[in-house]
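Notes to accompany the following structure.
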Amino acid sequence: FFFKQKTAYEIPKRDWSSDVCSSDLPPGAGSDLVTRLVTPGLSKALGQQFIVDNRPGATGNIAAELAARSPADAYTFLTATSTLAVNQSMYKKPPVDLLKDFDSAALLGTLPFVLVVHPSLPVLTARELVAFVKARPGQLTFSSTGQGGSPHLTGEMFRARARLDILHVPYKGTPQATTDLISGQVTMMFANTASVLPSVATGRLRALAITSAKRSAAAPTVPTMMEAGFDSFESGTWFSLIAPAGSPASALQRLNAEVNRVVQQTDVRERFAAQGAEALLGNVEQVIAYTRGEIDKWAKVIKSAGIKIE
Numbered sequence: 011f012f013f014k015q016k017t018a019y020e021i022p023k024r025d026w027s028s029d030v031c032s033s034d035l036p037p038g039a040g041s042d043l044v045t046r047l048v049t050p051g052l053s054k055a056l057g058q059q060f061i062v063d064n065r066p067g068a069t070g071n072i073a074a075e076l077a078a079r080s081p082a083d084a085y086t087f088l089t090a091t092s093t094l095a096v097n098q099s100m101y102k103k104p105p106v107d108l109l110k111d112f113d114s115a116a117l118l119g120t121l122p123f124v125l126v127v128h129p130s131l132p133v134l135t136a137r138e139l140v141a142f143v144k145a146r147p148g149q150l151t152f153s154s155t156g157q158g159g160s161p162h163l164t165g166e167m168f169r170a171r172a173r174l175d176i177l178h179v180p181y182k183g184t185p186q187a188t189t190d191l192i193s194g195q196v197t198m199m200f201a202n203t204a205s206v207l208p209s210v211a212t213g214r215l216r217a218l219a220i221t222s223a224k225r226s227a228a229a230p231t232v233p234t235m236m237e238a239g240f241d242s243f244e245s246g247t248w249f250s251l252i253a254p255a256g257s258p259a260s261a262l263q264r265l266n267a268e269v270n271r272v273v274q275q276t277d278v279r280e281r282f283a284a285q286g287a288e289a290l291l292g293n294v295e296q297v298i299a300y301t302r303g304e305i306d307k308w309a310k311v312i313k314s315a316g317i318k319i320e
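Letter 137 of the sequence shown, counting from 1, is numbered 147 in my numbering, and no numbers are missing.
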C-alpha cells in the first residue's frame, strides 16, 4: 500500500482531500486487510485520516515506483510486502531499490500462506493433492498473485519439493486468483490466511495445509506443511511501512512509535489473530535489518530455483 496522508508531524498542514493513498495489491488482498486493521488506530492517535488508493500490478512495482517518485515530505507511505524484497533478486534491473529508494518506518505484521483447492477436488490433504497431480502430469495448474511474488515462489517450492508437473498461472492479485479457483478454473494456490480463510469458512474453498511453523489460531484444524511431511517448509508474507528516501527522520520515528503501540492493543491483536496474522514489532533500525534479511533469504531461493524476470 502506498499512503499519502495529512500528518500530525511538524509539517505544514494541507487539505487531506487532495491526498491519496495507494497500495501495491488490490482491495481484499492481504496487505490491504492488514493495513486497514492498523490505520484506524493511527488516525485516532495522529488526528488525521488515511486514504487508501490501491495500485495493483507488476508484483508491487507499480505502487513502489509511484511511491519512490513522491515527495519525501512524510505525506506518502508505502506498505511494502515480502514480494518487494523478492523483486530485488527476481528482476535483473528492479525498478526500485528497497533499501536505497526508501526509508523504513515500521513493521506491521506477517501472514502465513494456506494451500487451498476447490472443494470438488477429491483430496483432503497435501499428500493426496500431490498424488492427484502426479496422476495427471501437465494437466493441472496452480495460481498465484503474480509472477515472482511470494505466493508464486511458495508454489514453486512446493512443485520442486513434490516433483510436480503443474502449470503456473499468474494473476494481478489475490482476489482475481481466488475467484478463478472458486470457479474451478485453476487447481490450487498458496494464498495468505487473511485473503482465503473467509472462503474456506463458507465452504467455497478447502484448506489442505498452512505454511507457518505452527498451526494458526485462526484455522486450528489445518495442519502445517511440515506436519504434512514437507520438512522445513515455511513461508509467509510480511508487511512494513516505508517512505520515499529522505523523508523526515522525526516523522518516521513518530510513526514507528504509534504503529508499535497500535498493534499491541488488545482489539487490534484479536483482529490480527482472526485473520491468521501476527503483529511484528521493532524500531526503525530493526525494520531495516529485517528487510535486509528477507532480501537475502529470497535471493538464495530464487538463485536455487533459477527463476528470473527480465
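Backbone N, C-alpha and C fix where the C-beta goes; we use that ideal spot for every residue, glycine too.
Predicted model, so just to flag it, every value in this text is computed and none were measured.
Three-state secondary structure assigned by DSSP to residue i
i	result
GLY156	coil
VAL127	strand
LEU109	coil
THR221	coil
PRO36	The pLDDT assigned to PRO36 is 46, lower than 50, so where the model puts this residue is not dependable; a value taken from the coordinates is nonetheless given after this. Three-state result, PRO36: coil.
ASN97	helix
THR231	coil
ASP190	helix
ARG271	helix
PHE243	coil
LEU174	coil
GLY183	coil
CYS31	Summary for CYS31: the model assigns pLDDT 42, below 50, so the residue's position carries little reliability, and this model does not support an answer.
ALA145	coil
VAL44	helix
THR49	helix
ALA253	strand
TYR122	A small correction: the amino acid at residue 122 is Pro; Tyr does not occupy that position in the sequence shown. It is a strand residue.
THR164	helix
PRO81	coil
PHE11	Any reading at PHE11 must be qualified, since the residue scores a pLDDT of 46, below 50, and its modelled position is unreliable; the value itself is stated next. Correct three-state label for PHE11: coil.
SER260	helix
LEU117	strand
Span of the alpha helix (DSSP H) around residue i
i	result
THR135	It is not in any alpha helix (DSSP H) - THR135 carries neither H nor E in the DSSP assignment.
GLY303	294-315
THR276	276-284
LEU291	Careful: LEU291 lies outside any alpha helix (DSSP H) and carries neither H nor E.
ALA73	71-78
CB-CB length for residue i against residue j, believed under 8 Å
i	j	result
VAL269	SER114	Incorrect: roughly 11 Å between the Cβ atoms, too far for contact.
THR221	PHE243	7 Å
ALA136	LEU121	Contact flag wrong, Cβ pair sits at about 19 Å.
LEU118	LEU290	6 Å
PRO254	ALA77	6 Å
TRP308	ALA116	Incorrect: roughly 21 Å between the Cβ atoms, too far for contact.
ASN293	THR247	Going by Cβ atoms, the distance from ASN293 to THR247 rounds to 22 Å, so no, they are not a contact pair.
VAL272	LEU52	6 Å
GLY57	ASN97	Contact flag wrong, Cβ pair sits at about 35 Å.
Bounding residues of the beta strand (DSSP E) (the contiguous stretch that carries residue i)
i	result
VAL210	Taken as a continuous stretch (DSSP letters only), VAL210 belongs to no beta strand (DSSP E), being part of the alpha helix (DSSP H) at 203-211.
LEU215	Element bounds for LEU215: n/a, residue is neither H nor E.
THR89	86-91
Cβ of residue i within 8 Å of any chain B Cβ
i	result
THR203	Given the protein chain composition of this structure (a single chain), no chain B is represented.
Inset, instruction - Inspect the CB distances between the segment 197-211 and the segment 279-295 and report whether three or more fall short of 8 Å. - result: yes
Inset, instruction - Examine the Cβ distances between the segment 139-157 and the segment 165-178 and report whether three or more of them are shorter than 8 Å. - result: Three or more pairs of CB atoms, one per stretch, sit closer than 8 Å, so the segment 139-157 contacts the segment 165-178.
Inset, instruction - Would you check if the segment 184-194 and the segment 226-233 touch, i.e. whether three or more CB-CB distances between them fall below 8 Å? - result: no
Inset, instruction - Check whether the segment 92-107 touches the segment 187-201, taking contact to mean three or more Cβ pairs, one atom from each stretch, closer than 8 Å. - result: no
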